[in-house]
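Residue numbers (the numbering used here): 1025 to 1078.
Shown next, in the form of structure tokens:
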């Protein structure tokens, strides 16, 4: 099986009470990645459409 963040979170759920870091760190990785893509997208939109700037 290919290790993915989703699989890591799913596999860590059964150990959540004993070792929460097994699900927390992949979840944080997903959160940071999504926020980074959103910020890059917002920056590109601002550059591409100067009419939106007030």
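Built from N, CA and C at the ideal position, the CB exists for glycine as well. Note that the coordinates shown come from a computational prediction; the quantities given were computed from them, not determined experimentally.
One alpha carbon belongs to residue 1037, the other to residue 1076, and they sit about 43 Å apart. Residue 1050 sits buried, since 16 or more C-beta atoms from the chains shown fall within 10 Å of its C-beta. As the crow flies, the alpha-carbon of residue 1048 is around 8 Å from that of residue 1033. Residue state for residue 1038 is assigned as coil, using DSSP reduced to three classes.
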